[in-house]
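Quick note: the sequence shown uses the working numbering, first residue 22, plus one each step.
Ideal Cβ positions, reconstructed from N, Cα and C, are used throughout, including at glycine.
The structure under discussion appears below in the form of structure tokens.
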Amino acid sequence: MSRVSLKFHGAAGTVTGSCFELTGAGKTFLVDCGMFQGTRSLEKLNYEELPFDPKKIDAVFLTHAHLDHSGRLAYLYASGCKAPTYCTAPTADILKPLLQDAAKLQAAEVERRNRRADRMGLPPFVPLYGSQDINRLHKNIEAVNYCDELDLGHGISVRFWDARHIVGSASVEINIGGQRLLFSGDVGAGRAITCTAGEIGGYDHIICESTYGDRERELILIRDRREALACHVEQVICAGGNLLIPAFALERTQEILEDFDALFASRRLAPINVFLDSPLAQKVTNAVLRHRSSGIDFGKRPNIRFTQNTAESKKLNRMSGIVIIAGSGMCEGGRIRHHLIRNLPNRKSRLLLCGFQVAGTLGSVLRDGAKRVRISGVDVNVNAEVASLDGYSNHADRGGLVEWLAERTPVTGSIFLVHGEGQSLDGLSSAIEESGQFPATIIPELGEQWELQAAQPAMRLASGRADASELTASRDWTSKLAALRVEIEAKIQAQKNNQDREKLLAGLKRALEEAA
Ligand SMILES: [Zn+2]
22 MSRVSLKFHG AAGTVTGSCF ELTGAGKTFL VDCGMFQGTR SLEKLNYEEL PFDPKKIDAV
82 FLTHAHLDHS GRLAYLYASG CKAPTYCTAP TADILKPLLQ DAAKLQAAEV ERRNRRADRM
142 GLPPFVPLYG SQDINRLHKN IEAVNYCDEL DLGHGISVRF WDARHIVGSA SVEINIGGQR
202 LLFSGDVGAG RAITCTAGEI GGYDHIICES TYGDRERELI LIRDRREALA CHVEQVICAG
262 GNLLIPAFAL ERTQEILEDF DALFASRRLA PINVFLDSPL AQKVTNAVLR HRSSGIDFGK
322 RPNIRFTQNT AESKKLNRMS GIVIIAGSGM CEGGRIRHHL IRNLPNRKSR LLLCGFQVAG
382 TLGSVLRDGA KRVRISGVDV NVNAEVASLD GYSNHADRGG LVEWLAERTP VTGSIFLVHG
442 EGQSLDGLSS AIEESGQFPA TIIPELGEQW ELQAAQPAMR LASGRADASE LTASRDWTSK
502 LAALRVEIEA KIQAQKNNQD REKLLAGLKR ALEEAA
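Now the structure itself:
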């Protein structure tokens, strides 16, 4: 029996950057290779070298296409990985446009960083990967069906189980070194398709996501969610403003479009114009519809429009009484930003958040009630209403996760809790403990390595990164600085005259000198 160990390179103490390195039976595997999103400190990790030797990876198992699970895969291949990546066919299909778009955003970000005056004389940043690396990844993708057993030799076998999170999403079961392990991936609500009764259940160790580990969400019926959406639309259109919906290109966009399609078909909503202003979401929508049995042809609804180019996108700036759906879902990039700059100062407009907002993102700052924000170098007053619409989540809540785990008992070793922020991890941990049917939980830190043994609690082999807790804090110093800058500017603007402004500046300068 060889030693089996697991190292947490991401989604440890945070929801993004999923990447787990599993070693055993003389082989090394990765489960996911995702991108970090959130505070600047966390995002900087995307530009660090991979914390393992990419050439020594024997295979990658990709749970699903979301970038926080897949975003660094092309970088893995750019760094010399030649191993196969196993995932379901829909995941492979959707991955390409997502990664191409991420590469484009990254190239723009690198250019912006290199233009900064304070980088004069420093070596330039270079993009981590380009389209040739995405092609290299795609040549190495091997599509697998749910439930099929993949025999990799050396006593290792792998199975992908439906995780009901998004189209193509999977939990990955790995049998290695005489142990049975399960990586949950992201788990959706509701019961998954089980292949053969009795095949699920009985694991040595489970690595479980915790995104909503501290929340019991009300079950919101699709009908109620659609009614709530219709009310938002009517109120905003009546007032003469625009409704902005930042949406993830994958799954959320398609769900929202389906809601609008149903509201128009049932005549609950008059046919107002809904624009999908995101080239990426358009490509992904087409890919998703290829894999859905109930594919709706949105092209048949004359008032659901896909903008074709930037000129058409800019035309939206001169329109009112419309709905604009655009990426990104947490307002961190994409066309939603220019719509936010134009619409947030307008009292008649409304921002409707329909998804999880990672701490530190612009979406989370707006949700928390910021009155002034900085978007792409522009200070923007927030007069528009900011609302959230629930009922779209593709994640199981606390009860759902405990139930998911219960269906997989007995678990004889440990349950690792990953892919969650502090409160969610703690909340799920207590719920698991209270249920009394599982072994102790472990909340690993970024960079920690654990030894896995059959039917035994895992043992820590190496501690995490020295800066792990700093990296996963919800607000790092850069976000605090940005907030302070906004506050100072607002206070200065609010003074009655220039004399008072000078006085305030002099006071701030004195305070700064004292503090330093
Ligand atoms: Zn996901």
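Mapping DSSP to helix, strand and coil, what is residue i?
i: Pro366; result: coil
i: His253; result: helix
i: Ala218; result: The predicted model places Ala218 with a pLDDT of 46, which falls under 50 and marks its position as unreliable, so this point remains unresolved.
i: Ile317; result: coil
i: Gly448; result: helix
i: Cys108; result: strand
i: His226; result: strand
i: Leu337; result: helix
i: Gly421; result: helix
i: Phe146; result: coil
i: Thr306; result: helix
i: Val193; result: strand
i: Ile293; result: coil
i: Ile343; result: coil
i: Arg180; result: strand
i: Gln153; result: helix
i: Leu383; result: helix
i: Val165; result: coil
i: Thr328; result: coil
By Cβ distance below 8 Å, which residues in the same chain neighbour residue i in space, the five residues on each side in sequence not counted?
i: Asn324; result: Phe285, Pro292, Ile293, Asn294 and Val295
i: Asn196; result: Gly176, Ile177, Ser178, Val179 and Leu202
i: Arg18; result: As displayed, the chain neither begins before 22 nor continues past 537, which places residue 18 out of reach and without an answer.
i: Ser26; result: Leu43, Thr44, Gly45, Gln470, Trp471, Glu472, Leu473 and Leu482
i: Ala218; result: Bear in mind that a pLDDT of 46 at Ala218, under 50, signals an unreliable position, so the model cannot answer this.
i: Lys221; result: This sequence places Ile at residue 221; Lys is not what is there. Cβ within range, chain order: Trp182, Thr215, Glu428 and Arg429.
Between residue i and ligand 2, is the CB less than 8 Å from at least one heavy atom?
i: Ser190; result: Among the ligands in the structure shown, ligand 2 does not appear; only ligand 1 can be found there.
Leaving out five residues before and five after residue i in sequence, what residues of the same chain have Cβ atoms less than 7 Å from its Cβ?
i: Ser39; result: Gly31, Ala32, Asp53, Gly55, Asp89, His90 and His440
i: Phe390; result: Sequence check: residue 390 is Gly here, not Phe. Counting only Cβ-Cβ distances below 7 Å, and skipping sequence neighbours, we find nothing.
i: Gly354; result: Leu126
Examine ligand 1 and report whether any of its heavy atoms sits within less than 8 Å of the Cβ of residue i.
i: Ile228; result: no
i: Ile115; result: no
i: Asp521; result: no
i: Asp183; result: no
i: Asp418; result: no
i: Asn263; result: no
i: Asn415; result: yes
i: His30; result: no
i: Ile187; result: yes
i: His253; result: no
i: Asp169; result: no
i: Asp389; result: no
i: His90; result: yes
i: Asp207; result: yes
i: His312; result: no
i: His175; result: no
i: His159; result: no
i: His360; result: no
Our contact map puts residue i next to residue j with C-beta atoms below 8 Å; I'd like the distance itself, whole angstroms only.
i: Leu374; j: Ser409; result: 5 Å
i: Cys108; j: Leu83; result: 4 Å
i: Leu449; j: Leu438; result: 6 Å
i: Val10; j: Glu230; result: With the chain covering 22 to 537 only, the question about residue 10 has no answer from this structure.
i: Ala405; j: Arg368; result: 7 Å
i: Ala210; j: Ala417; result: 5 Å
i: Ala503; j: Arg395; result: 7 Å
i: Tyr96; j: Arg246; result: So it is not a contact: roughly 37 Å between Cβ atoms.
i: Val36; j: Val379; result: 6 Å
i: Gly384; j: Cys352; result: 4 Å
i: Gln444; j: Asp235; result: 5 Å
i: Pro431; j: Gly223; result: 6 Å
Enumerate in chain order the residues of its own chain whose CB-to-CB distance from residue i is below 6 Å, with the five nearest sequence positions on each side excluded.
i: Ala536; result: none
i: Ala461; result: none
i: Ala164; result: Ala110 and Ala113
i: Tyr233; result: His416 and Asp418
i: Ala511; result: Arg393
i: Ala427; result: none
i: Leu278; result: Phe319
Per DSSP, which one or two residues make a beta bridge with residue i?
i: Asp400; result: Arg395
i: Ser409; result: Leu374
i: Glu42; result: Lys28 and Leu51
i: Gln516; result: Beta-bridge pairing links Gln516 to no other residue.
i: Ser435; result: His226
i: Ala80; result: Phe50
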